[in-house]
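Protein chains in written order, with this note's numbering: chain L, 4 to 301; chain P, 12 to 348.
Cβ atoms here follow ideal geometry from the backbone N, Cα and C, with glycine treated the same way.
What follows is one structure encoded as structure tokens, with my remarks underneath.
Shown next as structure tokens:
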């Protein structure tokens, strides 16, 4: 089983990003997704910078992937997308049908169908494979059972990646909820999300952490983790995705690697990782339940 | 599409009475769904059984209006046949177009029923001409419904770069998130707009009078709490009040409706083909009121775009049926963002 690091969903200062990936270079992760996928106003690193980081990670033996933006609104978003697709050195994760069209048009046969493409059945997945997809990242809301059904009816297997750790990316909007929190318009957001390492926690009026505001993206407050469910992932996925968090990402990667290599039981790994998690765990989606639940099968 | 063409008025029909009301009050098209998870408004007591659908189509066609069928949820491996059967039935009934989100289902429809007109649902999350043209090239879609996230300038950009007709939301409930890219309901309740056709579904809703006020919960999660003189709203989870950094407010969006009536000349100028009124879950009385106002406004803008302005009486009528009696231009108006 390979481990992948998902794209950085938060807006960190440039040096923090560079330091982070320098640390990842010798971590036991196999695939690293790079690039800005959430907000086109975030420019601490531009595409050329991301390509440089990708080259550094490739030299360190990782597979580097450039992830495309999830929500395309403007012509300048498309311009960036065309540049991502246009470079030949790295594979591209398509997070919108605009990217799918451009990749297919360019004749690329090596791209990754990202988690926001809404693939819920083998017919749609088959179309993407026909268009050149060679890996599929499952939407976080899909259950393990539904995933198994898709895979069992595919004419040919496709490498499958499951969101296995991190705050769940749940929604995208035109509106920036971080700017709104500071009574600013998105166009004049003053880049307030810069340096909010893990997003802003949104609580219910009973003080219960519920969601995380990350600019135009809304995430879960709880941390989705499949560390306790690793045995059920066998045969259903070839790659597990870990989503970067503000601190301890490397520790989490090590925990997954230890559990996958049999140096720790999944239960031990889950318990050991709890000290490095910014919030309580959940895994409901994998079990076909509300995503917010932490479900332990009987 | 050029601006000299008429903009079609597309109205919601959650039931046969609502369909007839919409047609009688001037809708050019109505959209509806079957009574199951194949459409994104899968609520108890709503939608059409096959007999009602036949009757509704006959009623509309006799008056030379169109009926569009929303099959805009994403089928799973296990229930795939239910969705293809719905496409087959729609074609057999002589529906004017099916509104689809799933590419696999689109491929099925295009292959099995080449004469059937395909629209891309808002649930397809296509926000650029590149995405829309993808569906056009592969499946021959003839219209796309835009998610409620683009500014007017961005809408214009899309219209100008695709042969596909563009339909936009004009009035009704405001979905703040990109449709088809929101799993908030699934996270809280296990049921999602994408797969189950329901957002914040009723069976998970609880209202409770407490010493702190009226509390509304969704699957146990407190969405809002209302004081004595406040009207307790439905716990749609993105329109609740929450705490962020110790401040309690509508952190995502106030309960308010979208109303783009005052932008009609602009929408006509950029070449939008159709305007959709949201609200299949609303009553025939709502449908009547809203359809009447929009019919009058569209007729006015067609003959005198330069002199058009949204009459205060129209706005007052629409505000009466708006959530929280208030309205917004949403993302069409850039500062909203």
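With a CB to CB cut of under 7 Å and the five nearest residues on each side skipped, what residues in its chain are close to residue 342 of chain P?
Locating residue 342 of chain P in the second chain gives position 331, where the first residue counts as 1. Only 159, 160, 161, 162 and 348 meet the Cβ criterion.
Assess contact between the stretch 97 to 109 of chain L and the stretch 203 to 216 of chain L, defined as three or more Cβ pairs (one per stretch) separated by less than 8 Å. Is contact present?
With a cut-off of 8 Å, the stretch 203 to 216 of chain L and the stretch 97 to 109 of chain L do not count as touching, because too few Cβ pairs lie within range.
Compare the C-beta of residue 219 of chain P with all C-beta atoms of chain L and state if any pair is closer than 8 Å.
As a working mapping, residue 219 of chain P is identified with position 208 in the second chain. So no, residue 219 of chain P is outside the interface.
3 or more residues per run - each beta strand (DSSP E) lying fully within the stretch 53 to 95 of chain L:
If only uninterrupted beta strand (DSSP E) runs of at least 3 residues are considered, those enclosed by the stretch 53 to 95 of chain L are 66 to 70.
Taking Cβ positions, are residue 140 of chain L and residue 116 of chain L nearer each other than 8 Å?
One-based indexing of the first chain puts residue 140 of chain L at position 137. One-based indexing of the first chain puts residue 116 of chain L at position 113. Yes, the Cβ-Cβ distance between residue 140 of chain L and residue 116 of chain L is below 8 Å.
Rounded to a whole number of angstroms, what is the C-alpha to C-alpha distance between residue 266 of chain L and residue 88 of chain P?
For the purposes of this step, residue 266 of chain L is identified with residue 263 of the first chain, where counting begins at 1. For the purposes of this step, residue 88 of chain P is identified with residue 77 of the second chain, where counting begins at 1. Between residue 266 of chain L and residue 88 of chain P, the C-alpha separation is close to 36 Å.
Helix or strand or just coil, what does DSSP make of residue 13 of chain P?
Along the second chain, one-based indexing puts residue 13 of chain P at 2. Since pLDDT at residue 13 of chain P reaches only 43, below the 50 mark, its modelled position is unreliable, and the value read off the structure follows with that caveat. The three-state secondary structure of residue 13 of chain P, taken from DSSP, is coil.
I'd like to know if the stretch 314 to 322 of chain P and the stretch 204 to 218 of chain P are in contact, where contact means that at least 3 CB-CB pairs between them fall below 8 Å.
Contact between the stretch 314 to 322 of chain P and the stretch 204 to 218 of chain P is absent, because fewer than three Cβ pairs lie under 8 Å.
In chain P, what lies closer than 9 Å to residue 294 of chain L by C-beta?
Position 291 of the first chain, counted from the first residue, corresponds to residue 294 of chain L. 194, 197, 198, 199 and 201, listed in chain order.
Please return the same chain residues whose Cβ sits closer than 7 Å to the Cβ of residue 222 of chain L, not counting the five positions on each side in sequence.
Numbered from 1 along the first chain, position 219 holds the residue referred to as residue 222 of chain L. For residue 222 of chain L, same chain residues with a beta-carbon under 7 Å away, outside a window of 5 residues either side, are 170, 171, 172, 173, 202, 214 and 215 in chain order.
For the beta strand (DSSP E) holding residue 217 of chain L, just list the boundary residues, first then last.
Position 214 of the first chain, counted from the start, is the residue given in the question as residue 217 of chain L. Segment 212 to 217, the beta strand (DSSP E) holding residue 217 of chain L.
Which partner residues of residue 78 of chain P appear in the DSSP bridge assignment?
Translated into the one-based positions of the second chain, residue 78 of chain P becomes position 67. In the DSSP output, where bridge partners are listed per residue, residue 78 of chain P has P:41.
What number of angstroms, rounded off, separates the C-alpha of residue 325 of chain P from the C-alpha of residue 54 of chain P?
The count along the second chain starts at 1 and reaches residue 325 of chain P at position 314. The count along the second chain starts at 1 and reaches residue 54 of chain P at position 43. Each residue's Cα considered, the two are about 29 Å apart.
Using the three-state DSSP reduction, which class does residue 133 of chain P fall into: helix, strand or coil?
Here residue 133 of chain P refers to the residue found at position 122 of the second chain. Note: residue 133 of chain P maps to helix in three-state DSSP.
To the nearest angstrom, how far is it from the Cα of residue 245 of chain L to the Cα of residue 283 of chain L?
If you number the first chain from 1, residue 245 of chain L lands on position 242. If you number the first chain from 1, residue 283 of chain L lands on position 280. When rounded, the distance between both Cα atoms is 16 Å.
Using the C-alpha atoms, what's the distance from residue 129 of chain P back to residue 37 of chain P?
The count along the second chain starts at 1 and reaches residue 37 of chain P at position 26. The count along the second chain starts at 1 and reaches residue 129 of chain P at position 118. Linking residue 37 of chain P to residue 129 of chain P through their CA atoms gives a straight-line distance of about 23 Å.
Of all Cβ atoms in chain L, is any one closer than 8 Å to the Cβ of residue 163 of chain P?
Position 152 of the second chain, counting from 1, holds the residue named residue 163 of chain P. With 8 Å as the cut-off, residue 163 of chain P does not count as an interface residue toward chain L.
9 Å Cβ cut-off: residues of chain L touching residue 210 of chain P
The residue you call residue 210 of chain P lines up with position 199 of the second chain. Ordered by position in chain L, no residue passes the 9 Å Cβ test against residue 210 of chain P, which lies about 11 Å from the chain.
Given a threshold of 16 other Cβ atoms within 10 Å of its Cβ, counted over all protein chains shown, does residue 205 of chain P qualify as buried or as exposed?
Here the question's residue 205 of chain P lines up with position 194 in the second chain. Classification of residue 205 of chain P: buried, given that the 10 Å Cβ count is 16 or more.
Measuring straight from C-alpha to C-alpha, what distance separates residue 249 of chain L and residue 164 of chain L?
Within the first chain, the letter at position 246 stands for residue 249 of chain L. Within the first chain, the letter at position 161 stands for residue 164 of chain L. Cα to Cα, the separation comes out at about 23 Å.
Excluding the five sequence neighbours on either side, which residues of its own chain have a C-beta within less than 7 Å of the C-beta of residue 14 of chain P, listed in chain order?
Numbered from its first residue, the second chain carries residue 14 of chain P at position 3. Low per-residue confidence applies at residue 14 of chain P: pLDDT is 43, beneath 50, and the placement is therefore not dependable enough to give any value.
Within the continuous beta strand (DSSP E) that includes residue 207 of chain P, where are the two ends?
For this step, residue 207 of chain P is matched to residue 196 along the second chain. Taken as a continuous stretch (DSSP letters only), residue 207 of chain P belongs to no beta strand (DSSP E), being part of the alpha helix (DSSP H) at 204 to 207.
Between residue 75 of chain L and chain P, is the shortest Cβ-Cβ distance under 8 Å, so that the two count as touching?
As a first step, residue 75 of chain L must be located in the first chain, where it is residue number 72. Residue 75 of chain L belongs to the set of residues whose beta carbon lies under 8 Å from a beta carbon in chain P.
Can you list, in chain order, the residues of the stretch 131 to 143 of chain L whose Cβ is nearer than 9 Å to any Cβ on chain P?
Among the residues of the stretch 131 to 143 of chain L, those with a Cβ less than 9 Å away from any Cβ of chain P are 131, 134, 142 and 143, in the order of the chain.
Which of helix, strand or coil does DSSP assign to residue 89 of chain P?
Along the second chain, read from residue 1 onward, the residue named residue 89 of chain P stands at position 78. Reduced to three states, the DSSP call for residue 89 of chain P is coil.
Go ahead and pull the three-state DSSP assignment for residue 336 of chain P.
For the purposes of this step, residue 336 of chain P is taken as the residue at position 325 of the second chain. It is helical.
Under a CB-based cut-off of 8 Å, is residue 123 of chain L close to chain P?
In the first chain, counting from the first residue as 1, residue 123 of chain L sits at position 120. Output row for residue 123 of chain L: interface = yes.
Suppose contacts are defined by Cβ-Cβ distances below 8 Å. Is residue 56 of chain L in contact with residue 94 of chain L by that definition?
Position 53 of the first chain, counted from the start, is the residue given in the question as residue 56 of chain L. Position 91 of the first chain, counted from the start, is the residue given in the question as residue 94 of chain L. Not a contact, by the Cβ cut-off of 8 Å.
With a threshold of 8 Å between beta carbons, is residue 99 of chain L in contact with chain P?
Counted from its first residue, the first chain places residue 99 of chain L at position 96. Against chain P, the CB of residue 99 of chain L has a partner CB under 8 Å away; the residue lies at that interface.
Kindly list the residues whose CB is nearer than 8 Å to the CB of residue 33 of chain L, restricted to its own chain and excluding five residues on each side of it in sequence; keep chain order.
Position 30 of the first chain, counting from 1, holds the residue named residue 33 of chain L. Here the set comprises 5, 6, 7, 65, 66 and 242.
For residue 109 of chain P and residue 277 of chain P, I'd like the C-alpha separation in whole angstroms.
The count along the second chain starts at 1 and reaches residue 109 of chain P at position 98. The count along the second chain starts at 1 and reaches residue 277 of chain P at position 266. The straight-line gap separating the alpha-carbon atoms of residue 109 of chain P and residue 277 of chain P is approximately 28 Å.
Residues of the stretch 88 to 117 of chain P with Cβ closer than 8 Å to any Cβ of chain L, in chain order
Sequence-ordered contacts of the stretch 88 to 117 of chain P with chain L read 88, 89, 91, 112, 113, 114, 115 and 116 [C-beta pairs closer than 8 Å].
Contact set for residue 335 of chain L: own chain, Cβ-Cβ below 6 Å, skip 5 residues either direction
Not covered by the structure: residue 335 of chain L. The range shown for chain L is 4 to 301.
Using only CA atoms, which one of P:286, P:95, P:49 and P:74 lies nearest to residue 176 of chain P?
As a working note, residue 176 of chain P is residue 165 in the second chain. Nearest of P:286, P:95, P:49 and P:74 to residue 176 of chain P, Cα basis: P:286.
Please return the same chain residues whose Cβ sits closer than 8 Å to the Cβ of residue 74 of chain P, not counting the five positions on each side in sequence.
Residue 74 of chain P sits at position 63 when you count from the first residue of the second chain. Once the five neighbours on either side are set aside, the close Cβ partners of residue 74 of chain P are 34.
Which residues in chain P have a C-beta closer than 9 Å to the C-beta of residue 47 of chain L? List them in chain order.
Within the first chain, numbered from 1, the residue matching residue 47 of chain L stands at position 44. Per Cβ cutoff of 9 Å: no residues; residue 47 of chain L is ~21 Å from chain P at best.
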